[in-house]
Each structure stands twice: as structure tokens, then as C-alpha cells.
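Numbering (UniProt numbering), first residue to last: 1 to 640.
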């Protein structure tokens, strides 16, 4: 009997409506009949979006909560197809808003995943639950994002239930925690920006007044301690904060690995995905400022001060210590060591100053190594990197340099030859480590980024470059082997490399009386100048210019990414019991308060390359002056 409905539902005009009424009148069982998929007439009418047929069936007493083989109700059918008016009719008839099918999927899930923004908005007005989750733990916002339905996502975050929708947690393919906020940052930055705007609320004072204040909410942006992943917790996001917006003692981070917390932080995701518009948002700027002033500033500059002190003492010690080759003419005799021979033939005594500096180096290097061990304990395998390797080599080589391995050294201060060679390594690595230290500051780090980009480009070009060097080095070795500079293949390659920078020494090397094959040698030398000194060197300059321009074009993004990395790097080394003391649900900022001290402005410039005044101006990047004034006037009218 239900097969006759398909033709009727394809038309839906007044004539067919009369036929529907006649069918219902003649045979009431047609209302409850089901097809092979357990669809009733109301299911079919809802799937087809035939509103008048739906109304007739409802008036005739059709079961509005009937289920088909998928567990869908007529409301689910209409929502899946995007029939907004049909959904409205069913809801007016008291249809259940959140019926779950066999897979725990609700009508809101169906229309969210299929991109029906109008139906989503309608269901939300009828108080559909945004915390219901499908078998994969995804709520309606997750489904909208995963299916690329930007309009639906915008509708959900614009509703009154936007906070509950964002309080969800799933696992990505790597097993890391994922949230709707993280997905929005990666896939829908425009929607994420709307969330940021909703997390930034101004008071009712005039925007030009000193009393004007903006409250920034960090629940979704700084969520290491946020609890999610269940329907019950999704609607209770305030449970981890007390009345003063501070973290409660019972709150636990979702991971004990500080590197996971850093790499999976929403701020780091913005930096990795190059979301510049999000990184310059006032909400992000205020969070970075909060982290910077809470602990990052003090930890970073304390470490920098300790390291600079260590570097200063190490430099002074090496510069004030006599090199062992100064006594190279002395040979050990009668079982005496090198140091004992020097002591017996020269009046050498270690000064009190050198003795003090030596032990200060030992103390500072030992302190830094203890800090590194603590970082290994916190970061586990994530700790190991080239930067940390350089730190270990620096401190260990410094310790081996200043430690006395025999009593004679403690009296004279003379270093063993191998220690002096280690001193060259230690001082080089120590100053390179200072470069790595300050590169984290955006004010200087942008130039280090330029340097590293040029190095990476050169390494990509190096195989071609090296083949040219080998070709000419072997050629000169064959033709000029009688000359000292080309006496062996390694020496020939070294001399050829030096010739690249302009040290040709034509009159000294290419003399007619010292060349046996002068004509061929001169021809190849001319080729060398053309290919290596002109073409290759200009090619390297061109590559460097392109790299620098690329960095300059992304200077703002690079600087913002450095700010994020610095703040999160410092946060990752702070013990958890201290870190949790600075977590806040929200903070209040007064953009027009210019009471910052000169020292604070100086430290701001070192971190953000701007003063506090420049930072305050950034708070208005999303509202021009007229919009701010209109918002203020609207709040005054509402208050009246």
C-alpha cells in the first residue's frame, strides 16, 4: 500500500492532498503501514519535504516518534534532508528534539554533518542539545568542522550554547587530545576568530575612559587543565575554577608530558598553521602577556642572567690563562709531567682571581647541568634536540677545561694541551649557545631565522657546489702538484675553497717558471674565475636575497610564532605545582591605563617589539572607532 505514497509525495499539490485525505479516510491503517525499511508514511513525507502531507498525517494521528530501520524519527528524516519548514511543523507538533538512533546520532548531528545551517539554527532555538555525542565522541560542532560545513559551525558558535559545544574532547589519529577549538584553528580560522570575539567582552564604560575594561576568557584557548570528553562534563566547564577564577587543587592536566602540552597547545597550533589573523587577535595577545608577566619573564631572564654570568667568567678565564704552547720548547724529563716541567723552569703561579673564576665556572656549569637534568625528567624523550646537545657539550667542555687533573695545575693554572684545545671548542659553543638563547626573543630572533633559512638553502645547493670544488681542486692538483698549496688532494681542495672568496694569489701561485703546463693551467684558471667567482658566488647571493625577502614578507607571522614558542618553552620547564598557580579562567585588561613603568615598557619591547601603548591599541583591531562608540551607546540604552 505504501508504494502508492511515492507518486503522491512527488507532487504534493492540492489535488494530491485531497487524495491523501481520501486514503486516510478509507483506510486508516495506511498511517501505520511500513515499507521494507520500516518507514511510515510520515517518514516518507518528511524525507520528501512535503509539508502539507506531513500536516495531514499528523492531524490523522500519525506516530510522530515512529522509528525506521536506522532508528530515525520523522524529525531525523527531515533534518537529514534539510527541510527547514518540515522540521518546524514536526517540532510544533511536539516531536522530541533529541531522539537518538541506533548509533546515538541525533537530528542535530544529521543536519550538522550534512551542512543544513537553517535546520541547525531552528533546532538550537528549540533547545536541541549540543553536548550529545556520536559513537566517535563527536558533538554537532565536531561533525560540522570535520565535514567542512563552515556555515553550520558559524551558526553553532553564534548560538547561546556555544560554550557547551566547545567543551568536548576527542582523540586525533595520533592519539592526542583534540577539541573543537583546535579543529577550528586548523580548518576554519574565520569561525575561530568569532569564538575569540565572544571570549572578549567589554564593560559598559566609554571606550575612551580609563575605566573602560575588557574581560578575556581563556577556557578554550588555554585548556591544559580543562575536562571534557563526556556529555556530563561538557556542560560544566566552570568546575575546575574557583570563585576567583583560579585553578582548583583537584584539576589535573590532560597529559603529564610537558612537550605534549606545548605541541598540542592551541597557540602552537596557530603558529604551525600560520594563522596570522588569529595570532594577532587581542585574546591571544592578552594570554601571551599574562603568561609573560606571570612567570615566563622571570624564568627566562633569570636563565639568561645565569648563562651570561657563566659565559663572562669562561671568557675571562680563557683570555687570562697562558696557552700551553707558550712553553712548547720544554720537554718532560725524569718522569715529570708537562705542568711540573713548566713549574720547575718558570715562575708560574695561578692568581687568586683566576682561582675564584675557576670555581665560579664549576658552580654555574654544575647548576645549569642540574637544570638540564630536571628538564630531562619533565620532557623525557622529547628533550633531546640539537640545541640541548650544544648546551651539554658547552658545560661539559667548560668543566673539563677548568678542572685540575694534577696538583701542579692547581698551583700554576697551566692547562694540558688537550684541555686548551677543548677551551677553543668550549668558547665557540658557549657564544653560539648565547645566540640560541637570544633567538627566542622576537626582537632579535627574526635575524637568526634569516640566517638559518640561508643555511638550509645552502645545504640544499651544497652537493652541486661541492662537485664544482672537487672538479677544480683535482684539476689544480694534477697541474700544480709541485707547489706547496696543491701538494695533496685535501690541501688542493682547501686552497680551491679559499680561492672562492677572492684569495686567488695569482702572482704567487700561477707563475710561469713554476708551471709546467702553463697554457692549459691559465685556461682552466680563467674558467674557474668565470664559473666559481662570478656565476656560483652570484647565484649564492641571489638565493640568500630570496630567502631574506621570504622571511621579511612573513616577518609579523614569524615574530608572533616566536612569541608563542618562547612563552610555551618557558612554561614547559616550570614545575607543574608552580605552573598551575598562574592558570586563570579570565583576566581583566584596561586598555587606556597608561600606568606601566619604564622598566615594564622596556621588557615589553624585548618580548613583543612594542610598548604597552602599542599593545593596548591592538585590543581594538576588530572594531573601528565608530563601532566601539556604537557598542558603548547600545549598552547605555540597555542599562537605561
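Just so it is clear, CB atoms sit at the ideal spot from N, CA and C, and this is done for glycine as well.
If you look at residue 263, you'll find it in the alpha helix (DSSP H) that goes 258–263. DSSP places residue 559 in the helix class (H, G or I) of the three-state scheme.
In the three-state reduction of the DSSP assignment, residue 547 falls in the helix class, which pools H, G and I. Exclusion of the five residues before and after residue 556 leaves 276 and 280 as the residues of its chain whose Cβ lies within less than 8 Å of its Cβ. Rounded to the nearest angstrom, the gap between the Cα atoms of residue 88 and residue 111 is 14 Å. Counting of Cβ neighbours within 10 angstroms places residue 406 among the exposed residues, the total staying below 16. Boundaries of the beta strand (DSSP E) around residue 215: 214–217. For residue 255, there is no enclosing alpha helix (DSSP H), as DSSP marks it with neither H nor E. Taking the Cα positions, residue 487 is about 12 Å away from residue 475. Between residue 304 and residue 431, the C-beta spacing is not below 9 Å. Boundaries of the alpha helix (DSSP H) around residue 519: 518–528.
Under DSSP, residue 587 shares a beta bridge with 216. Distances from the CA of residue 118 to each of 83, 148 and 146 were compared; the closest alpha carbon is that of 83. Between the alpha carbons of residue 584 and residue 40 lies a distance of about 53 Å. In this structure, 560 is the residue among 401, 286 and 560 with its C-alpha nearest to the C-alpha of residue 272. Contact fails between the stretch 363–371 and the stretch 412–425, because fewer than three Cβ pairs, one in each stretch, are under 8 Å apart.
Inter-residue distance for residue 209 and residue 397 is about 58 Å (C-alpha atoms, whole angstroms).
It is roughly 36 Å from the alpha-carbon of residue 76 to the alpha-carbon of residue 224.
Between residue 220 and residue 195, the C-beta gap is smaller than 9 Å, which places the two residues in contact. Taking C-beta separations shorter than 6 Å and ignoring five residues to either side along the sequence, the partners of residue 108 in its chain run 123, 128 and 140, following chain order.
Taking C-beta separations shorter than 7 Å and ignoring five residues to either side along the sequence, the partners of residue 269 in its chain run 182, 185 and 186, following chain order.
Burial of residue 496 is indicated by the presence of at least 16 other C-beta atoms within 10 angstroms of its C-beta. A contact is defined here as three or more CB-CB pairs under 8 Å, and the stretch 528–539 meets this definition with respect to the stretch 489–504. With contacts defined as CB atoms closer than 9 Å, residue 317 and residue 358 qualify as a contacting pair. At a Cβ-Cβ threshold of 9 Å, residue 201 and residue 217 count as neighbours. Bounds of the alpha helix (DSSP H) holding residue 41 are 41–48.
In the DSSP assignment, residue 200 falls within the unbroken beta strand (DSSP E) covering 200–202. Going by beta carbons, residue 574 and residue 299 fall inside the 9 Å limit. Exclusion of the five residues before and after residue 404 leaves 410 as the residues of its chain whose Cβ lies within less than 6 Å of its Cβ.
The beta carbons of residue 446 and residue 402 sit about 36 Å from each other, so the pair does not count as a contact at 8 Å. Pairing residue 42 with residue 64 gives a Cβ-Cβ distance under 9 Å. One thing to note: residue 449 has its Cβ within 9 Å of the Cβ of residue 551. The DSSP-derived three-state label of residue 352 is helix. Residue 262 holds the alpha-carbon nearest to the alpha-carbon of residue 571 among 457, 36, 467 and 262.
Taking the CA atoms as reference points, residue 171 sits about 14 Å from residue 134.
The alpha-carbon of residue 540 is positioned some 40 Å away from that of residue 365.
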